[in-house]
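Asks:
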């Protein structure tokens, strides 16, 4: 799929998965998968198996940081700063779109337009399979949690207080 000579978000995710050696099957859902609850309902899985892709800015150098967080957890920014030395601040949605190629609600853990540091919630590794956004708010893919962490070279962290 292409629009105006540009690769679609879903095609970018599919291509990236192939390059990373990840076995995924992208599903387009009839309903929105924009929130963790919506995605879990659509996928028929526990909300904890949903990968929330949250993009922040590192205040120290203004680089983007992607946090892959279990759908049941909230990221505790002061905790992350204290224990990992990363001062995260919210990132402008236009910058997220411009630098990752994805709109909020469809940010995938792979297929970004630019390199990005990736941190992964240790809770996700308690599951064999997790579900992540596939580049659109109505599309997801299932992937082995360990394989995803390894493929994206994620730094595995605790995100603070868990739900």
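Residue numbers (the working numbering): 1285 to 1447.
No residue lacks a Cβ here, since even glycine has one placed at the ideal position from N, Cα and C.
Computed from a prediction, not measured in an experiment: that's the story for all the values here.
Pick helix, strand or coil for residue 1319, following the three-state DSSP scheme.
Replies: Three-state result, residue 1319: coil.
Asks: Quick check on this structure: which residue in 1402, 1436, 1366 and 1409 has the alpha carbon closest to the alpha carbon of residue 1339?
Replies: For residue 1339, the nearest C-alpha among the options comes from 1402.
Asks: Note down the Cα distance separating residue 1435 from residue 1362, rounded to an integer number of angstroms.
Replies: Whole-angstrom Cα-Cα distance: 28 Å.
Asks: Under 8 Å: do the region 1342-1352 and the region 1360-1377 share three or more Cβ pairs, one atom per stretch?
Replies: A contact exists between the region 1342-1352 and the region 1360-1377.
Asks: Apply the 10 Å Cβ neighbour rule to residue 1302 and answer buried if 16 or more other Cβ atoms are within range, or exposed otherwise.
Replies: Exposed, because fewer than 16 other Cβ atoms sit within 10 Å of the Cβ of residue 1302.
Asks: Run the CB neighbour count on residue 1321, radius 10 Å, all protein chains shown included, and call it buried at 16 or more, exposed below.
Replies: Under this definition residue 1321 is an exposed residue.
Asks: Quick check: what's the CA-CA separation for residue 1304 versus residue 1423?
Replies: If you take the alpha carbons of residue 1304 and residue 1423, they lie about 19 Å apart.
Asks: Just to confirm my understanding: we take residue 1421, look at its own chain, exclude 5 residues before and 5 after, and list those with CB closer than 6 Å. What are they?
Replies: If we look at residue 1421 and ignore the five residues flanking it on each side, its Cβ neighbours are 1316, 1318, 1389 and 1390.
Asks: In whole angstroms, give me the CA-to-CA distance for residue 1383 and residue 1328.
Replies: Straight-line Cα distance between these residues: approximately 31 Å.
Asks: Report all residues from its chain with a CB closer than 6 Å to the CB of residue 1395; omit the five preceding and five following residues, and keep chain order.
Replies: Only 1296, 1297 and 1300 meet the Cβ criterion.
Asks: Given a threshold of 16 other Cβ atoms within 10 Å of its Cβ, counted over all protein chains shown, does residue 1405 qualify as buried or as exposed?
Replies: So residue 1405 ends up on the buried side.
Asks: To the nearest angstrom, how far is it from the Cα of residue 1309 to the Cα of residue 1365?
Replies: The straight-line gap from Cα to Cα measures roughly 35 Å.
Asks: In whole angstroms, what is the alpha-carbon distance linking residue 1335 and residue 1392?
Replies: About 9 Å.
Asks: Should residue 1387 and residue 1355 be called a contact, given that it needs their Cβ atoms to be closer than 9 Å?
Replies: No, the Cβ-Cβ distance between residue 1387 and residue 1355 is not below 9 Å.
Asks: Can you name the start and end residues of the beta strand (DSSP E) that residue 1311 belongs to?
Replies: Taken as a continuous stretch (DSSP letters only), the beta strand (DSSP E) holding residue 1311 covers 1310-1312.
Asks: Going by DSSP in three states, residue 1435 sits in which element: helix, strand or coil?
Replies: Reduced to three states, the DSSP call for residue 1435 is helix.
Asks: Alpha carbon to alpha carbon, how far is residue 1409 from residue 1378?
Replies: C-alpha separation (whole angstroms): 31 Å.
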